[in-house]
Every structure is written in C-alpha cells, then in structure tokens.
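*Asks:* Protein chains in written order, with UniProt numbering: chain A, 1 to 124; chain B, 1 to 258.
For glycine and all other residues, C-beta sits at the position ideal for the given N, C-alpha and C.
If you scroll down you'll find the structure; I have some questions about it.
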Amino acid sequence: MSALPWFVAAWLFGVGLYGLATSRHAVHLVGCLTVCQSATYVLLLGLGFVDGAGPPIFYDHPPGTPAVDPIVQALVLTDIVVGAAVSALLLAIAVQVQKRRHTLDPQALRPLRPPDSAPERSSR
Amino acid sequence: MSVRIRLVVLALAFLALAPAVAHVALALPGFGAPISPYGQAVNALLPDLRHVTNMVAAVNFDVRGIDTLGEECMLLCAVTGATVLLRGARGESGAERAGHVPGRPVIPRADATVLACRIAATLTLLLGLSIALHGMTTPGGGFQGGVIVASSLLLLYLGEGYAVWRTLVRGPVLALLEGGGALLYVLAAAVPLVIGRPALENILPLGTLKDLYSGGLMIVVNAAVALSVTGSFGLLLLEFMEETRAPDRDSVPDEEGR
Numbered sequence: 001m002s003a004l005p006w007f008v009a010a011w012l013f014g015v016g017l018y019g020l021a022t023s024r025h026a027v028h029l030v031g032c033l034t035v036c037q038s039a040t041y042v043l044l045l046g047l048g049f050v051d052g053a054g055p056p057i058f059y060d061h062p063p064g065t066p067a068v069d070p071i072v073q074a075l076v077l078t079d080i081v082v083g084a085a086v087s088a089l090l091l092a093i094a095v096q097v098q099k100r101r102h103t104l105d106p107q108a109l110r111p112l113r114p115p116d117s118a119p120e121r122s123s124r
Numbered sequence: 001m002s003v004r005i006r007l008v009v010l011a012l013a014f015l016a017l018a019p020a021v022a023h024v025a026l027a028l029p030g031f032g033a034p035i036s037p038y039g040q041a042v043n044a045l046l047p048d049l050r051h052v053t054n055m056v057a058a059v060n061f062d063v064r065g066i067d068t069l070g071e072e073c074m075l076l077c078a079v080t081g082a083t084v085l086l087r088g089a090r091g092e093s094g095a096e097r098a099g100h101v102p103g104r105p106v107i108p109r110a111d112a113t114v115l116a117c118r119i120a121a122t123l124t125l126l127l128g129l130s131i132a133l134h135g136m137t138t139p140g141g142g143f144q145g146g147v148i149v150a151s152s153l154l155l156l157y158l159g160e161g162y163a164v165w166r167t168l169v170r171g172p173v174l175a176l177l178e179g180g181g182a183l184l185y186v187l188a189a190a191v192p193l194v195i196g197r198p199a200l201e202n203i204l205p206l207g208t209l210k211d212l213y214s215g216g217l218m219i220v221v222n223a224a225v226a227l228s229v230t231g232s233f234g235l236l237l238l239e240f241m242e243e244t245r246a247p248d249r250d251s252v253p254d255e256e257g258r
C-alpha cells in the first residue's frame, strides 16, 4: 500500500510515454506530454508527504507542528503554470504545422523541406 | 519510422535503462517518511525568519526566488513564442478589431446567460485577486491567483460575445501586464544589488505574521508574478481565439502566412 503513489507515477509516465511513441497526431502528442508531466507531479508530491503531518501553512496551527515538505510543492506549483504555457506554445506550433504542411501526423512530416516545394498532398 | 519500429526502439531503450530505473526505484524511501532535511528546515525556520505563514510561497518567492525568476522568464518566452507564431501567420492588420468565425452567425446571448456570466466573472475575478493578495498567509499566491483572474476573462467572453469581449480585453494591456510583471520581478531582484546586497535580498520591512502585509519583498515579487501570469494567460486566450476567426473587413483570409 505504501508503494501505491510510486506505482501511480510510474503508470502515468508509462502511459504517457506509450502515447508519445505511438502518436499519430500532434495535438495528441501534446496531451501525452502533459500526462508524462503529471507523473512527475505525483512523484514529487509523494516524495514530500510526511505521515500524520499537516499542510506547510501555519495560519491555523502554530509553527512547529509537523508539516509536509513545502519545497516539492513549490516546484510542482511553478511547473504546472509554466507547463501550461509551454503546452500552449506547442499547440501554436501545431497550428503552424497544420497551416504550412496541411497535416498533423508526425509520421508525414519530413524535416528540412521548404514549404513551397511540398508535394501535391499539401496543395489545396 | 512506423509505429511498430518506434515501439521496438522504445522497448530497447527501456531495456537499456531498466537496471538503472530498478536501482533507483528500490532505493526510494517509504511513502510518508520525510526525505529532505531542507523542507523540514524551511518549516521550522521561515515563519520566524520571514514572518510568513505560507511556506510554499516563501520557498517560491524568497528561498529559491532566483529560480522562480528563471521560471518567470520561461513563462514569458513560451507566451511570446506562442503569440509570435500565431500572430505572425495572421499579420498585424485587423488585430485591433474583433473577427468572426466564417460561416457561423453571431447569435445574441440569452439574458440569463449574460447575467449569470457577469456575476460569475465578477466573483471569479474577486476570488483570484483575493487568492493572489493573501499568498503570504493562506494557500494561494501569484501563480494560482493569476490563473484564476485570467479564467474570469473567459467567463466574460462566454457572457458578452466575442466582439464586446475584444473591446473589454485589449491585447496591448495584457502584453503590458505580462511584460510589466516580469520587469517588476527583475527590478525586485536588481534593487538590492544596487545598494550592495545580494540579489533578491529581503530589504523591505518584514511586517507581522498572518497580516496582509507580511514577508517584505515577497509581496512585490508575488504581485509581479500575479500580473505576469494574468497577462500571459489572457494573451494566450486572446491569440488562440483570434486564430479561429477571420478579420471582419477582409473576407479572404490570408492563411498561407508567407
């Protein structure tokens, strides 16, 4: 039972990684990346947990009462916000790819090909 | 590479890394045991040292404030990148006017929707401001409050419709909030340097514990983060919504983006 948080983190990471490897759509890819990211949140918050301890906020209970680790919580907090903005950046890139190559399948993308000489598939 | 080959490569990589992963996983402490002396030291020392009760905010804005400045810059870069990518393809022309979705009629909102959204948006805005302001005392802070304030903008859009929303929510204002917040953070880090102290040293009076004014310089940094996050997420909302719409006067959308 005490290993359950680690299993949840490993399972989330594995599921996300499987999605990343088998993805056929760039938006799906961004979603899988955020699933992998959530695995790190579960792992960090699990590492910071202390048995029988309260939140690391000493408003209601006086300083000195047992509290969980605030450092991992701070790491997770900033990463959630920054991660959301980075996901938005990735989705903006996906919008650009769709506009220029008319596909969102990572499989169909070939690097280093000027958009003007794209094959017939991309002509509308 | 086909999906099958990709899965095989993934499996090979996993096999290669498996011993290291197993080694680390077996060395993990049991769930519920404190692993880091730093976290417990923060809990024990910071209420006295910084006069704040929210340890998470204290870690973010004081103990590892320089790291948070880095994350703030990441936020700024990510939002700038997304905005440039979206706006660069669209062109600056017509950016100040509300566009419309081609082929979709603008249906006026029901009065009940408008009323409910106005009430909900106001309450959400107030909640976000409160959470941002009380970041030093109770759970919350600039990051969470900023996101809540930005989501109230979305409620405003739901009630008022896109054209009115664009007259209420100005892109340059959001950009100013975002950049101004980041600048405020940099100034908060640089002012102690000017008077010969380490960067981001808490030079303001610390205030009293559990008071709205507690934590000294952390309040400035918290406000900077709140402004920046509000501006960032508002700008992202604006750019993604504008992306689905065509300019009003120019009926031929310029989609190739040169």
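Rank F31(B), G161(B), A121(B), L236(B) by C-alpha distance to the C-alpha of L44(A) and give the top, closest one.
*Replies:* F31(B)
*Asks:* For a quick check, are the C-beta atoms of V149(B) and G180(B) less than 8 Å apart?
*Replies:* no
*Asks:* Ignore the nearest five residues each way along the sequence and tell me which others in L86(B)'s own chain have a CB closer than 8 Å to its CB.
*Replies:* Within the same chain, Cβ atoms closer than 8 Å to the Cβ of L86(B) are found at E239, F240, E242, E243, the five residues on either side in sequence being excluded.
*Asks:* So with Cβ pairs under 8 Å, would you call S2(A) a contact of chain D?
*Replies:* Going by chain labels, chain D is absent from the structure shown, which instead holds the protein chains A and B.
*Asks:* Evaluate contact between the region 72 to 83 of chain B and the region 217 to 236 of chain B, counting only Cβ atoms and requiring at least three cross-stretch pairs below 8 Å.
*Replies:* yes
*Asks:* Report the option in L212(B), P19(B), L168(B) whose CA atom is closest to the CA atom of T138(B).
*Replies:* L212(B)
*Asks:* Rounded to a whole number of angstroms, what is the C-alpha to C-alpha distance between T80(B) and A92(A)?
*Replies:* 11 Å
*Asks:* Which class does S228(B) belong to by DSSP, given the choice of helix, strand or coil?
*Replies:* helix
*Asks:* With 16 other CB atoms within 10 Å as the buried threshold, where does G135(B) fall?
*Replies:* buried
*Asks:* In angstroms with no decimal places, state the Cα-to-Cα distance between G70(B) and V220(B).
*Replies:* 17 Å
*Asks:* Name the chain B residues that come within less than 8 Å of Y41(A), Cβ to Cβ?
*Replies:* Within chain B, no residue comes near Y41(A); the closest Cβ sits about 14 Å away, beyond 8 Å.
*Asks:* Can you tell me where the alpha helix (DSSP H) with V50(A) in it begins and where it stops?
*Replies:* No alpha helix (DSSP H) contains V50(A), which DSSP labels as neither H nor E.
*Asks:* Would DSSP call A246(B) helix, strand or coil?
*Replies:* strand
*Asks:* When the cut-off is 8 Å and only beta carbons count, does T78(A) lie next to chain B?
*Replies:* yes
*Asks:* Would you tell me roughly how many angstroms separate the C-alpha atoms of G48(A) and R50(B), rounded to the nearest one?
*Replies:* 22 Å
*Asks:* Against W11(A), what residues of chain B qualify as contacts under a CB-to-CB distance less than 7 Å, listed in chain order?
*Replies:* Neighbours of W11(A) on chain B: none; closest Cβ ~13 Å, over 7 Å.
*Asks:* Per DSSP, what kind of secondary structure is H134(B) in: helix, strand or coil?
*Replies:* helix
*Asks:* CB-CB under 8 Å to S151(B), same chain, minus the five flanking residues each way: which ones, in chain order?
*Replies:* Excluding residues up to 5 positions away in sequence, T124, G128, F233 lie with their Cβ nearer than 8 Å to the Cβ of S151(B) in the same chain.
*Asks:* Could you pull out every unbroken alpha helix (DSSP H) segment of at least 4 residues lying fully inside the region 84 to 166 of chain B, listed in chain order?
*Replies:* 111 to 133, 142 to 160
*Asks:* So is I131(B) in contact with chain A if we call contact Cβ pairs under 8 Å?
*Replies:* no
*Asks:* Express the C-alpha separation of I80(A) and L177(B) in angstroms, rounding to a whole number.
*Replies:* 20 Å
*Asks:* Go ahead and pull the three-state DSSP assignment for P172(B).
*Replies:* helix
*Asks:* With 16 as the cutoff for other CB atoms within 10 Å, does W11(A) come out buried or exposed?
*Replies:* exposed
*Asks:* Which residues mark the beginning and the end of the alpha helix (DSSP H) in which V81(A) is found?
*Replies:* 70 to 101
*Asks:* What are the residues of the region 78 to 96 of chain A that lie near chain B, defined by any Cβ-Cβ distance shorter than 7 Å?
*Replies:* T78, V81, V82, A85, V86, A88, L89, A92, I93, V95, Q96
*Asks:* Y38(B): buried (16+ other C-beta within 10 angstroms of its C-beta) or exposed?
*Replies:* The residue in question, Y38(B), is exposed, as its Cβ has fewer than 16 Cβ neighbours within 10 Å.
*Asks:* What are the residues in the region 26 to 37 of chain A lying within 7 Å of chain B by C-beta distance?
*Replies:* none
*Asks:* Which residues of chain B have a Cβ atom closer than 8 Å to the Cβ of T22(A), listed in chain order?
*Replies:* V3, R6, L7
*Asks:* Out of A112(B), V169(B), R64(B), Y162(B), point me to the one whose CA is closest to R104(B)'s CA.
*Replies:* Y162(B)
*Asks:* Measure the Cβ-Cβ separation of A98(B) and L236(B) and say whether it is below 8 Å.
*Replies:* no
*Asks:* Who are the near neighbours of V169(B) in its chain, counting only those whose CB is closer than 6 Å to its CB and skipping five residues on each side?
*Replies:* Counting only Cβ-Cβ distances below 6 Å, and skipping sequence neighbours, we find L153.
*Asks:* Please report the Cβ distance between L187(B) and I203(B), rounded to the nearest whole angstrom; I am assuming they are in contact, meaning their Cβ atoms lie under 8 Å.
*Replies:* Between I203(B) and L187(B) the Cβ distance is about 12 Å, and since that is not below 8 Å, they are no contact.
*Asks:* To which residues of the same chain is A53(A) closer than 7 Å at the C-beta, ignoring the five residues directly before and after it?
*Replies:* P66, A67, V68
*Asks:* Comparing C-alpha positions only, which one of E160(B), L12(B), P29(B) sits nearest to I107(B)?
*Replies:* E160(B)
*Asks:* Could you check whether the Cβ of V42(B) sits closer than 8 Å to any Cβ belonging to chain A?
*Replies:* Yes, its Cβ sits closer than 8 Å to a Cβ of chain A.
*Asks:* Going by beta carbon distance, what residues of the same chain come within less than 6 Å of A20(B), once the five residues before and after it are set aside?
*Replies:* none
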